[in-house]
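K.L.:
So for the sequence shown, my numbering puts the first residue at 407; every next one is plus one. Each residue gets a CB set at the ideal place from its N, CA and C atoms; glycine is no exception.
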Amino acid sequence: MPDPVNVNTQTPAKSRAPWMILALLALVAGALLALRPAPEAPPDDPTPPPPSAAAAALLGDLDAGARLGDFEVEAVVGPGAEGRDPQAILIHVRDGDARLAVTIMPRDAAEHTPPMRTETHDLFFGHLQPEDARLDPGATDALLTAVAELVRAHE
Numbered sequence: 407m408p409d410p411v412n413v414n415t416q417t418p419a420k421s422r423a424p425w426m427i428l429a430l431l432a433l434v435a436g437a438l439l440a441l442r443p444a445p446e447a448p449p450d451d452p453t454p455p456p457p458s459a460a461a462a463a464l465l466g467d468l469d470a471g472a473r474l475g476d477f478e479v480e481a482v483v484g485p486g487a488e489g490r491d492p493q494a495i496l497i498h499v500r501d502g503d504a505r506l507a508v509t510i511m512p513r514d515a516a517e518h519t520p521p522m523r524t525e526t527h528d529l530f531f532g533h534l535q536p537e538d539a540r541l542d543p544g545a546t547d548a549l550l551t552a553v554a555e556l557v558r559a560h561e
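1. Does the Cβ-Cβ distance between A454 and A481 come in under 8 Å?
2. Under 6 Å Cβ to Cβ from M522, same chain only, skipping five residues before and after it: list those, please.
3. Looking only at C-alpha atoms, which of A548, G502, L430 and A494 sits nearest to A515?
4. Where DSSP assigns a beta bridge to T519, which residues make up the other side?
5. Whole angstroms are fine: how far does the CA of E517 sit from the CA of A552?
6. Thinking F531 and L506 are a contact (beta carbons under 8 Å), I'd like their distance in whole angstroms, please.
7. With 16 as the cutoff for other CB atoms within 10 Å, does H498 come out buried or exposed?
8. Could you name the residues of the same chain whose beta carbon sits closer than 8 Å to that of G486, not counting the 5 residues immediately before and after it, in chain order?
9. Using the Cα positions of R540 and V479, report the straight-line distance between them to the nearest angstrom.
10. Which whole-angstrom value is the C-beta distance of G475 and A461, which I expect to be below 8 Å?
11. Grab the span of the beta strand (DSSP E) containing G532 for me, first residue to last.
12. According to DSSP, is T367 part of a helix, a strand, or is it coil?
13. Report the residue from P543, E537, I510 and D542 whose alpha carbon sits nearest the alpha carbon of R558.
14. Give me the Cβ distance between L464 and H560, rounded to the nearest whole Å; I'm assuming they're in contact under 8 Å.
15. How about T526 and P512: are their beta carbons less than 8 Å apart?
16. Measure the Cβ-Cβ separation of A545 and D501 and say whether it is below 8 Å.
Written out as structure tokens, the structure is:
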């Protein structure tokens, strides 16, 4: 009769193999996780950058937090920001949850007729968000008039 100890010598080695493979895979996965690049930290300061020199020359000291009619200025960007015309300046404003942008471009630089003009610039508004937002036409007229007054003062 065979020795019972010698008969089972192969069984423990076979049962250890799957656990060793799993342990090795866990080590490799841990090493890959440790070597991955750290995610970029969110910006510490959500305050938009100050207006560019060109925007300041055209709009004076208009900056985030200023009021234009019923709207609060969130940012003044450009020229050339957000993939727009290299000469376009955008003023991002909000009234409650509604947000939109006023775009200032050199006169006749756009193909369509602007809702308001100054001597040297065309004024447009758009990019209304959220999609279901509605604005009183009088509020947008007052907004464009306020921007036009700033532009006219510095043209």
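P.N.:
In terms of the structure at hand:
1. Before going further, note that residue 454 is Pro rather than Ala in the sequence given. Going by beta carbons, P454 and A481 fall inside the 8 Å limit.
2. The beta carbon of M522 sits closer than 6 Å to those of L529, L550 and A554, all from its chain and outside the five residues before and after it, given in chain order.
3. Of the candidates A548, G502, L430 and A494, the one whose C-alpha sits nearest the C-alpha of A515 is A494.
4. DSSP lists no partner for T519.
5. 24 Å
6. 6 Å
7. buried
8. Excluding the 5 residues flanking it on each side, G486 has same chain C-beta neighbours closer than 8 Å at P492, Q493 and A494, in chain order.
9. 18 Å
10. G475 to A461, Cβ: 19 Å. No contact.
11. H527 to Q535
12. Residue 367 lies beyond the stretch modelled for the chain, which goes from 407 to 561, so this question has no answer here.
13. Its Cα nearest to that of R558, the residue I510 stands out among P543, E537, I510 and D542.
14. 5 Å
15. yes
16. Cβ atoms of A545 and D501: closer than 8 Å.
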